[in-house]
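Asker: Just dropping this structure here.
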Amino acid sequence: MENIYDINYYDYDLPKELIAQVPLKNRSSSKLLVLDKNTGNMEDKIFSDITNYLRKGDVLVLNDTKVLPARLIGEKEVTGAAIEVLLLKNIEGDKWEVLLKPAKRLHEGSMISFGNGKLKAKVLEKKNDGLALIELKYDGILYEILDELGSMPLPPYIHEKLEDKDRYQTVYAKNLGSAAAPTAGLHFTEELLNRLKEKGVEIAYVTLHVGLGTFRPVNEEDILKHDMHSELCIMNKETADLLNKAKNEKRRIIAVGTTSTRTLESIYTKYNKFKESAEETNIFIYPGYTFKAIDCLITNFHLPKSTLVMLVSALAGRDNIMNAYKHAIIENYRFFSFGDAMFITDRIGNINEK
Numbered sequence: 158m159e160n161i162y163d164i165n166y167y168d169y170d171l172p173k174e175l176i177a178q179v180p181l182k183n184r185s186s187s188k189l190l191v192l193d194k195n196t197g198n199m200e201d202k203i204f205s206d207i208t209n210y211l212r213k214g215d216v217l218v219l220n221d222t223k224v225l226p227a228r229l230i231g232e233k234e235v236t237g238a239a240i241e242v243l244l245l246k247n248i249e250g251d252k253w254e255v256l257l258k259p260a261k262r263l264h265e266g267s268m269i270s271f272g273n274g275k276l277k278a279k280v281l282e283k284k285n286d287g288l289a290l291i292e293l294k295y296d297g298i299l300y301e302i303l304d305e306l307g308s309m310p311l312p313p314y315i316h317e318k319l320e321d322k323d324r325y326q327t328v329y330a331k332n333l334g335s336a337a338a339p340t341a342g343l344h345f346t347e348e349l350l351n352r353l354k355e356k357g358v359e360i361a362y363v364t365l366h367v368g369l370g371t372f373r374p375v376n377e378e379d380i381l382k383h384d385m386h387s388e389l390c391i392m393n394k395e396t397a398d399l400l401n402k403a404k405n406e407k408r409r410i411i412a413v414g415t416t417s418t419r420t421l422e423s424i425y426t427k428y429n430k431f432k433e434s435a436e437e438t439n440i441f442i443y444p445g446y447t448f449k450a451i452d453c454l455i456t457n458f459h460l461p462k463s464t465l466v467m468l469v470s471a472l473a474g475r476d477n478i479m480n481a482y483k484h485a486i487i488e489n490y491r492f493f494s495f496g497d498a499m500f501i502t503d504r505i506g507n508i509n510e511k
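Residue numbers (the working numbering): 158 to 511.
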């Protein structure tokens, strides 16, 4: 019998050429693999076909976080050694949790300079795995300085330069604070969202600032030993009220992305309803988890052995997911952040049938 807590249970072989290096010119022209979570049946579509799978009364939940130009290249003030800093989370004021590379060159008290001193960072505390607490020092408005000196924190498997910064933002990105994009949302255009609204689909927003927790690799053989990093998630009263009403009326709640999913499940699990809140979540969803908040999920294709493969396996069943991934590889789907999408639905069929 397979061990659902064994990291290797969530492994698969992916040809490197299927890792998307650049975004498609037209956001909604990516492929869409529709997967019935109950039967494992699949359909190959284009993302703009999503309108055919959503119906009046469905609530589509989007993560409106905005990615910071959080990757900074600077130098250690004393030695001039090159240092890369990735801003992960604003702790308070100008104190940030960051990832340092190479961390071994720095100690507590070290100063790092960016842009000939326009921005400086003091290392306050070093933690494990390259993590650290720093304090930024600057004159003016930080986000303007980051816009000038920083670059988009693309994942390490993307080697091409991003020509247009906005292509690593969703069209509805609003609240600055993410170290990575909620990539399932990259497929939506304003036009597509308007078409869904015209159809009677309700749109709701939550905010989860993507930090290390979402894309940190699982290094433990036993996934239960994996320590999820916490991330800030926010739900306002308007969204909470809309979702509670939908839940009471047994209408479908469809999360766009694993970040929206984790926000919804975290809040609903804690309060047994949707509630206005702003709090840290370290929820780790893997097979055996009972979903309480969402019915369906729009998501991308995720890295082998990742917590995100575990999350989608919890929703659709690990065998269904692995079969879908094999199908996607055969059909040359594009994988990961700039790749194609999957819609995990509760039924493939006539959406007008109850």
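Each residue gets a CB set at the ideal place from its N, CA and C atoms; glycine is no exception.
Between the C-alpha atoms of residue 184 and residue 315, what's the straight-line distance to the nearest angstrom?
Answerer: Working through the sequence shown from its first residue, we reach residue 184 at position 27. Working through the sequence shown from its first residue, we reach residue 315 at position 158. C-alpha separation (whole angstroms): 18 Å.
Asker: Got a sec? Which residues, its chain only, sit under 7 Å from residue 169 by beta carbon, not counting five neighbours each side?
Answerer: Here residue 169 is taken as the residue at index 12 of the sequence shown, counted from 1. Cβ within range, chain order: 461, 479 and 482.
Asker: Using a Cβ-Cβ cutoff of less than 8 Å, which residues in the same chain neighbour residue 240 once the five nearest sequence positions on both sides are dropped?
Answerer: On the sequence shown, residue 240 is found 83 positions in, with the first residue counted as 1. For residue 240, where only same-chain residues beyond five positions count, the Cβ hits under 8 Å are 230, 231, 232, 233, 257, 258, 259, 262, 263 and 269.
Asker: Just to confirm, is the Cβ distance from residue 397 to residue 431 under 7 Å?
Answerer: Within the sequence shown, numbered from 1, the residue matching residue 397 stands at position 240. Within the sequence shown, numbered from 1, the residue matching residue 431 stands at position 274. In contact: residue 397 and residue 431 (Cβ atoms closer than 7 Å).
Asker: Relative to the C-alpha of residue 306, which residue among 277, 175, 395 and 488 is closest?
Answerer: Position 149 of the sequence shown, counted from the start, is the residue given in the question as residue 306. Out of 277, 175, 395 and 488, 277 has the C-alpha closest to the C-alpha of residue 306.
Asker: Alpha carbon to alpha carbon, what distance is there between residue 438 and residue 388?
Answerer: As a position in the sequence shown, residue 388 is number 231, starting the count at 1. As a position in the sequence shown, residue 438 is number 281, starting the count at 1. Computed Cα separation, rounded: 5 Å.
Asker: Nearest by alpha-carbon distance to residue 413: which of 465, 377, 463 and 500 is it?
Answerer: Looking up residue 413 in the sequence shown gives position 256. Looking at the Cα atoms, 500 is the closest of the given residues.
Asker: If you measure between the beta carbons of residue 453 and residue 502, is that distance less than 7 Å?
Answerer: Position 296 of the sequence shown, counted from the first residue, corresponds to residue 453. Position 345 of the sequence shown, counted from the first residue, corresponds to residue 502. Taking 7 Å as the Cβ cut-off, residue 453 and residue 502 qualify as a contacting pair.
Asker: Apply the 10 Å Cβ neighbour rule to residue 510 and answer buried if 16 or more other Cβ atoms are within range, or exposed otherwise.
Answerer: Taking the sequence shown and counting its residues from 1, the one referred to as residue 510 is at position 353. Bear in mind that a pLDDT of 45 at residue 510, under 50, signals an unreliable position, so the number given afterwards is only what the model happens to contain. Exposed, by the Cβ-count rule.
Asker: Helix, strand or coil for residue 334, going by three-state DSSP, please let me know.
Answerer: Against the sequence shown, residue 334 aligns to sequence position 177. Assigned with DSSP and collapsed to three states, residue 334 falls in strand.
Asker: Below 8 Å CB to CB, which residues in the same chain sit around residue 508 once its five sequence neighbours on both sides are set aside?
Answerer: Taking the first residue of the sequence shown as position 1, residue 508 is located at position 351. Residue placement at residue 508 is flagged as unreliable, the pLDDT there being 49, under the threshold of 50; the coordinate-derived value follows with that caveat. A distance below 8 Å between beta-carbons, with the five flanking residues on each side excluded, links residue 508 to the following residues of its chain, in chain order: 209, 210, 211 and 212.
Asker: Would you say residue 208 faces chain C, with C-beta separation under 7 Å as the test?
Answerer: Among the chains of the structure shown, chain C does not appear; only one protein chain is present.
Asker: Using the rule of at least 16 other Cβ atoms within 10 Å of the residue's Cβ for burial, across every protein chain shown, is residue 342 buried or exposed?
Answerer: One-based indexing of the sequence shown puts residue 342 at position 185. Classification of residue 342: buried, given that the 10 Å Cβ count is 16 or more.
Asker: When burial is assigned at 16 or more other CB atoms within 10 Å of the CB, is residue 429 buried or exposed?
Answerer: Indexing the sequence shown from 1 puts residue 429 at position 272. The residue in question, residue 429, is exposed, as its Cβ has fewer than 16 Cβ neighbours within 10 Å.
Asker: Which word fits residue 362, buried or exposed, when buried means at least 16 other C-beta atoms lie within 10 angstroms of its C-beta?
Answerer: Position 205 of the sequence shown holds residue 362. Buried, because 16 or more other Cβ atoms sit within 10 Å of the Cβ of residue 362.
Asker: Determine whether the beta carbon atoms of residue 325 and residue 338 lie at a separation below 7 Å.
Answerer: By one-based count along the sequence shown, residue 325 stands at place 168. By one-based count along the sequence shown, residue 338 stands at place 181. A contact, by the Cβ cut-off of 7 Å.
Asker: Please report the straight-line C-alpha distance between residue 348 and residue 467, rounded to a whole angstrom.
Answerer: Translated into the one-based positions of the sequence shown, residue 348 becomes position 191. Translated into the one-based positions of the sequence shown, residue 467 becomes position 310. Residue 348 and residue 467: Cα-Cα distance of roughly 32 Å.
Asker: Using only alpha-carbon positions, find the residue among 385, 380, 488 and 459 that is nearest to residue 444.
Answerer: To locate residue 444, count along the sequence shown from 1; it is residue 287. Taking only the C-alpha atoms, the option nearest residue 444 is 380.
Asker: Thinking C-alpha only, which one of 295, 327 and 216 is nearest residue 223?
Answerer: If you number the sequence shown from 1, residue 223 lands on position 66. Residue 327 is the option with its Cα nearest to residue 223.
Asker: Tell me the start and end of each unbroken beta strand (DSSP E) in the region 385-418 that is at least 3 residues and wholly inside, in chain order.
Answerer: 388-392 and 410-413
Asker: Less than 7 Å between the C-beta atoms of residue 364 and residue 494, yes or no?
Answerer: On the sequence shown, residue 364 is found 207 positions in, with the first residue counted as 1. On the sequence shown, residue 494 is found 337 positions in, with the first residue counted as 1. Result no, Cβ atoms of residue 364 and residue 494 do not sit closer than 7 Å.
Asker: To which residues of the same chain is residue 159 closer than 7 Å at the C-beta, ignoring the five residues directly before and after it?
Answerer: Locating residue 159 in the sequence shown gives position 2, where the first residue counts as 1. Within the same chain, residue 159 has close Cβ partners 166.
Asker: Suppose you measure from the CA of residue 112 to the CA of residue 402; what does that come to, to the nearest Å?
Answerer: Coverage of the chain is limited to positions 158 through 511, which leaves residue 112 absent and any answer about it impossible.
Asker: Only counting the same chain, and skipping five residues up and downstream in sequence, which positions put a Cβ closer than 6 Å to that of residue 106?
Answerer: Examination of residue 106 is not possible in this model, given that the chain is present from 158 through 511 alone.
Asker: Pull up the CB-CB distance for residue 203 and residue 182, whole angstroms please, since I reckon it's below 8 Å.
Answerer: On the sequence shown, residue 203 is found 46 positions in, with the first residue counted as 1. On the sequence shown, residue 182 is found 25 positions in, with the first residue counted as 1. That belief does not hold up - the Cβ atoms of residue 203 and residue 182 are roughly 14 Å apart, past 8 Å.
Asker: Between which two residues does the alpha helix (DSSP H) carrying residue 304 extend?
Answerer: On the sequence shown, residue 304 is found 147 positions in, with the first residue counted as 1. 299-306 is the extent of the alpha helix (DSSP H) around residue 304.
Asker: Please determine, among 288, 408, 236 and 384, the residue with the shortest C-alpha to C-alpha distance to residue 246.
Answerer: For the purposes of this step, residue 246 is identified with residue 89 of the sequence shown, where counting begins at 1. Ranking the options by Cα distance to residue 246, first place goes to 288.
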